[in-house]
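The working numbering applies: residue 17 is where the sequence shown begins, and numbers increase by one. Heads up, the beta-carbon is just placed ideally off N, CA and C, and yes, glycines get one too. This structure is a prediction, so every number in the text was calculated from the model and none was measured. Okay, so here's the structure we're looking at.
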Amino acid sequence: MVYLHGGYGNTLPKIEEALEGKEPGYQTTLQLQAADAFGLRDESLVRTIPKSEFPPGVKVGGQLEGRGEDGREQVFHVMKIKGNIVMLDGNHPLAGKDLRFTVKVTDVRAASEEEIAHKHVHGEHGHHH
Ligand code: ZN
């Protein structure tokens, strides 16, 4: 992946921290606690809803957009369907998990002014627009 380094939120802060000032060829393995990766699970984002409120064809593993308690858009995953009840989970699939990343720097280049203004990388492997 290609990301804009320097706190633009393109990747996890702990990954940026580990790669700060590193040159191509540098490689490391990071062990991240869930709180430093995709966050802890929030059980208030688990909902049970009658199946009758869904369009036909609702399936385990499917996704739908709804709103969280704070009114923000939230993606919910269908966790389980039991009889007439559908269990939805608004947590990131990796929330609550400790993760290990093996990362290697393959290239470093200066960002363009446009990339800095957009807060993301352009070109190959980046945004096209
Ligand atoms: Zn852009």
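CB contact flag (residue i, residue j, <9 angstroms)
i: A53; j: K98; result: no
i: V91; j: Q79; result: yes
i: V137; j: H145; result: no
i: P66; j: V102; result: yes
Host alpha helix (DSSP H) of residue i (start-end)
i: K30; result: 29 to 35
i: A127; result: First-last for A127: undefined, no H or E at that position.
Residue span of the beta strand (DSSP E) that contains residue i, given as start and end
i: F117; result: 115 to 120
i: R63; result: 62 to 66
i: Q47; result: 43 to 48
Residues of its chain near residue i, where Cβ-Cβ distance is below 8 angstroms and the 5 sequence neighbours each way are ignored
i: L56; result: A50, A111, G112
i: G25; result: K135
7 angstroms CB neighbourhood of residue i in its chain, flanking five on each side removed
i: D58; result: N107
i: T122; result: P40
Close-in-space but distant-in-sequence residues of the same chain around residue i (CB under 6 angstroms, 5 per side omitted)
i: D105; result: V62, H93, M95
i: K120; result: Q43
**Q.** Length at least 3, wholly inside the region 83 to 109: the beta strand (DSSP E) runs in chain order
**A.** 89 to 98, 101 to 105
Q | Residues with C-beta closer than 5 angstroms to any heavy atom of the ligand ZN, in chain order | A | H134, H143
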